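Peer 1: Those letters in the sequence shown? Residues -25 to -1, 1 to 535, per mature numbering (1 follows the signal peptide of the UniProt record, and there is no 0), in order.
Got a structure for you, written out below as structure tokens; questions coming shortly.
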Amino acid sequence: MSIALRTCQALLALLILQTTLPSFAQAQATDVPSLLQELRQGTTEQQTAALKGLAGTPDGPARTAAINGLVKLLDSDKPALRARSAYALGYLADGNVDVAKALIPHATDNNPRVRNAVIKALIRIKAPRELTMPIWAKTLKSSDPETIMQVIHTMADLGGDAIPALRETLTHPDAAYWALLVVSEIGPDAAELTPQLMELVDHAQPEVQLQAIIAIGKIQGDGAKIVPGLVKVLKSDAPLAGKYAACFALSQYPEPKSGAEALEATLDEATDTELKLLAGWSLLTLNPESAKRPTALTAIIAGLSSDQPRIRQLAVRALGDIKPGSDGPNPMVIQAMTKALQDSEPAVISQIVDVLADKGTAAMGVIKTGLANKSLRPLGIELARRLGPDAAPLVPDLIAAMKSSDDPEQVREIAFALASIGSAAQPASDVLVAQLSNDNRRVRYSACYALGSIGATSNSVLSELQQRLKCDDSFLQLSAAWSLLKLQPGDPKLVAQAVPLLTEALKFENEFVRLEAARTLGTLGKAAEGSVDQLKALQSDESSMVREAAAEAVQAIQGN
């Protein structure tokens, strides 16, 4: 964790948490110098007693002396002593600005125990926000994006407990933007901040206005109080970024209807491609059966032709998000997505694949087109694999693709796609058997795996796999044994052949091989007794999954 992140988390804790920890037991007045000495050099028991005694020091000169002594100990070279000192200060220095200033630098201590104690102490003494807020804002401004987002998440985890401080922070000129990010993360639990957020919709700084509108969309507050302000933004000469955000925010408020009406007007009148796209997306989010649906879809599809990858990605997201109309998937949308698969931007392609995979069988036409097109075939194969059993209608297309492909890696991926489909892919048995003789060993392995996965039990399949048990490729032997055990579970002769192969596989460098070998041996029960010693040796395996599988296999074999 970076120093900047630790600093931000500490300051955010100060900014938000104004909680009261359980009262610390009050100790009788004692000799402060002696307690400080025991805290520095005593045994663990003495240090604990000294800590309790110091934390319970009553008001007056003794408490002042205790505070001064503990502040000095914050600079100790012993982390445990620094942590104990900070902890005690939390119970002694309520509202003490000087102590807060002394503690703040230690919120970035390299020791997590110290950082935790310092943060709790600062929370306990309620360090003034006028002290911490400017530092927090300055720190965030100078931090890297990753640090900022982790800080925002830390703050947002407090949920409703953060609201009082956020209400005040939203009024701070340098901290409002960061507070808005937190509000967006908190979401509906921050709905009571609607008045403060609406005031920021007209903020002079575009980035603050933008984030305020986004936050309004996230909190899903009272539409009657929110929608008029968002409509005003759409109709104004506000920066385009603000209008983009207003479209998003309006998509979260079905009432009042003036929001949808403003989106319709924007869809008709806007000349900016992205604004029209967002207006159409938001309108169909509110009402998938809108009379403006054709116009909205046209605007979104137009985004796929933008020369900006970001807008093309946005269009893909929109098409994936919009629910089909009552008449099912729109052919125009499917056609547009198919064409978009030829995009030159990897990020756009990746997003299209994700969207189509989520659409399931509705994307079948796109996948068929992809499998028939050499340039799109890798995407079609990936989509078929992700569909799993639902891709059964694509088996003939996958078989044809395997027969025509001269790319070993592509053939291998087709085998995995067929394996994911399962028993419905049994018509592919012959083409997979043919791949058992492929010159590429990885193709041979994947063909073995696929034959076992689809349940291909014909005599020709079993015969070919049996032959691989005798080959000089140990991994192919193992793959064949695994598949045969899937196809002929409980066959005594096969089990006798497979156990030595699986036992030897427990020594393989590949984690997945060791894992599958252990799991398979466990299914064989007492027939795999000869593998117990090797399975027990895996108790020290570097993989927790392998260790667990091996332990379970031993239990299954020994009947425990």
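Note that beta-carbon positions come from the ideal geometry of N, C-alpha and C, so glycine has one too.
Note that this is a predicted model, so its numbers are computed, not measured.
Please name the residue in Leu477, Pro269 and Gln442 whose C-alpha comes closest to that of Lys528.
Peer 2: Against the sequence shown, residue 528 aligns to sequence position 553. Position check: residue 528 holds Ala in this sequence, whereas Lys was assumed. Out of Leu477, Pro269 and Gln442, Leu477 has the C-alpha closest to the C-alpha of Ala528.
Peer 1: Measuring only the C-alpha atoms, how far is Glu523 from Gly497?
Peer 2: The residue you call residue 523 lines up with position 548 of the sequence shown. The residue you call residue 497 lines up with position 522 of the sequence shown. Their Cα atoms are separated by approximately 12 Å.
Peer 1: Run through DSSP, which three-state label would Pro148 get?
Peer 2: Start at 1 with the first residue of the sequence shown, and residue 148 comes out as number 173. The answer is coil: DSSP assigns Pro148 none of H, G, I, E or B.
Peer 1: From the DSSP output, in three-state form, read off Phe223 for me.
Peer 2: Start at 1 with the first residue of the sequence shown, and residue 223 comes out as number 248. DSSP places Phe223 in helix when its eight states are reduced to three.
Peer 1: Using a threshold of 8 Å, state whether the C-beta atoms of Leu250 and Ile297 are closer than that.
Peer 2: As a first step, residue 250 must be located in the sequence shown, where it is residue number 275. As a first step, residue 297 must be located in the sequence shown, where it is residue number 322. Result no, Cβ atoms of Leu250 and Ile297 do not sit closer than 8 Å.
Peer 1: Touch check for the segment 319 to 327 and the segment 279 to 292: three-plus C-beta pairs under 8 Å?
Peer 2: Contact holds: three or more Cβ-Cβ distances are below 8 Å.
Peer 1: Please state the DSSP three-state secondary structure of Gly17.
Peer 2: Position 42 of the sequence shown, counting from 1, holds the residue named residue 17. Gly17: coil per DSSP, three-state reduction.
Peer 1: In three-state DSSP terms, what is Ala(-1)?
Peer 2: Within the sequence shown, numbered from 1, the residue matching residue -1 stands at position 25. Annotation note: pLDDT 37 at Ala(-1) (below 50); position unreliable, no value reported.
Peer 1: Checking 8 Å against the spacing of the C-beta atoms, do Val436 and Gln410 come in under that value?
Peer 2: Working through the sequence shown from its first residue, we reach residue 436 at position 461. Working through the sequence shown from its first residue, we reach residue 410 at position 435. No; because the gap between Cβ atoms is not below 8 Å, this pair is not in contact.
Peer 1: Assuming Ile324 is part of the alpha helix (DSSP H), what are its boundary residues?
Peer 2: For the purposes of this step, residue 324 is taken as the residue at position 349 of the sequence shown. Looking at the DSSP string, the run of the alpha helix (DSSP H) that includes Ile324 is Pro321 to Lys334.
Peer 1: Quick test of your reading: Ile327 and Met339, contact by CB under 8 Å. State the CB separation rounded to the nearest angstrom.
Peer 2: Translated into positions along the sequence shown, residue 327 becomes position 352. Translated into positions along the sequence shown, residue 339 becomes position 364. At roughly 15 Å, the Cβ-Cβ gap does not stay under 8 Å, so Ile327 and Met339 are not in contact.
Peer 1: Assuming Gly238 and Leu225 are in contact, meaning their beta carbons sit under 8 Å apart, how far apart are those beta carbons, in whole angstroms?
Peer 2: Residue mapping note: residue 238 aligns to position 263 of the sequence shown, counting from 1. Residue mapping note: residue 225 aligns to position 250 of the sequence shown, counting from 1. In the sequence as presented, Gly is not what sits at residue 238; that position holds Leu. So it is a contact: roughly 6 Å between Cβ atoms.
Peer 1: May I ask you to report which of helix, strand or coil DSSP gives Phe391?
Peer 2: Numbered from its first residue, the sequence shown carries residue 391 at position 416. Helix, per DSSP.
Peer 1: Start and end of the alpha helix (DSSP H) containing Phe483?
Peer 2: Taking the sequence shown and counting its residues from 1, one reaches residue 483 at position 508. That residue, Phe483, is in no alpha helix (DSSP H); it is neither H nor E in DSSP.
Peer 1: Closest to Ala139 by CA distance: which of Ala154, Pro148 and Asp149 is it?
Peer 2: The count along the sequence shown starts at 1 and reaches residue 139 at position 164. Inspection of the sequence shows that residue 139 is occupied by Pro rather than by Ala. It is Ala154.
Peer 1: Restricting to Cα atoms, I'd like to know which of Leu26, Leu56 and Asn85 is closest to Leu67.
Peer 2: Reading the sequence shown from its first residue, position 92 is the one you call residue 67. Answer by Cα proximity: Leu26.
Peer 1: Roughly how many angstroms separate the alpha carbons of Asp177 and Ile194, rounded to a whole number?
Peer 2: Indexing the sequence shown from 1 puts residue 177 at position 202. Indexing the sequence shown from 1 puts residue 194 at position 219. Using only the alpha carbons, I get a separation of about 18 Å.
Peer 1: Mind checking which residues open and close the alpha helix (DSSP H) that includes Lys349?
Peer 2: Within the sequence shown, numbered from 1, the residue matching residue 349 stands at position 374. Run containing Lys349: none; DSSP gives neither H nor E here.
Peer 1: Excluding the 5 residues flanking Lys511 on each side, which residues of the same chain have their C-beta closer than 8 Å to its C-beta?
Peer 2: Against the sequence shown, residue 511 aligns to sequence position 536. Same-chain partners within the cutoff: Ala525 and Val529.
Peer 1: In terms of alpha-carbon separation, which member of Met520, Pro364 and Gly345 lies closest to Ala375?
Peer 2: The sequence position of residue 375 within the sequence shown is 400, counting from 1. When only C-alpha atoms are compared, the closest one is Gly345.
Peer 1: According to DSSP, is Ala531 helix, strand or coil?
Peer 2: The residue you call residue 531 lines up with position 556 of the sequence shown. In this structure, Ala531 counts as helix in the three-state DSSP scheme.
Peer 1: Over what stretch of residues does the alpha helix (DSSP H) that includes Ser257 continue unbroken?
Peer 2: On the sequence shown, residue 257 is found 282 positions in, with the first residue counted as 1. That run of the alpha helix (DSSP H) goes Thr248 to Leu261.
Peer 1: Can you give me the C-alpha to C-alpha distance between Leu513 and Ala58, rounded to a whole angstrom?
Peer 2: Against the sequence shown, residue 513 aligns to sequence position 538. Against the sequence shown, residue 58 aligns to sequence position 83. Roughly 41 Å separates the two Cα atoms.
Peer 1: I need the straight-line Cα distance from Leu460 to Gln401, nearest angstrom please.
Peer 2: For the purposes of this step, residue 460 is taken as residue 485 along the sequence shown, with counting starting at 1. For the purposes of this step, residue 401 is taken as residue 426 along the sequence shown, with counting starting at 1. Rounded to whole angstroms, Leu460 to Gln401 spans 17 Å at the Cα level.
Peer 1: I'd like to know whether the C-beta of Gly295 is nearer than 8 Å to at least one C-beta of chain C.
Peer 2: No chain C is part of this structure, which consists of one protein chain only.
Peer 1: Below 8 Å on the Cβ atoms is my guess for Ala40 versus Val7; work out the distance and round it to an integer in Å.
Peer 2: Position 65 of the sequence shown holds residue 40. Position 32 of the sequence shown holds residue 7. The pair is a contact, with the Cβ atoms about 5 Å apart (cut-off 8 Å).
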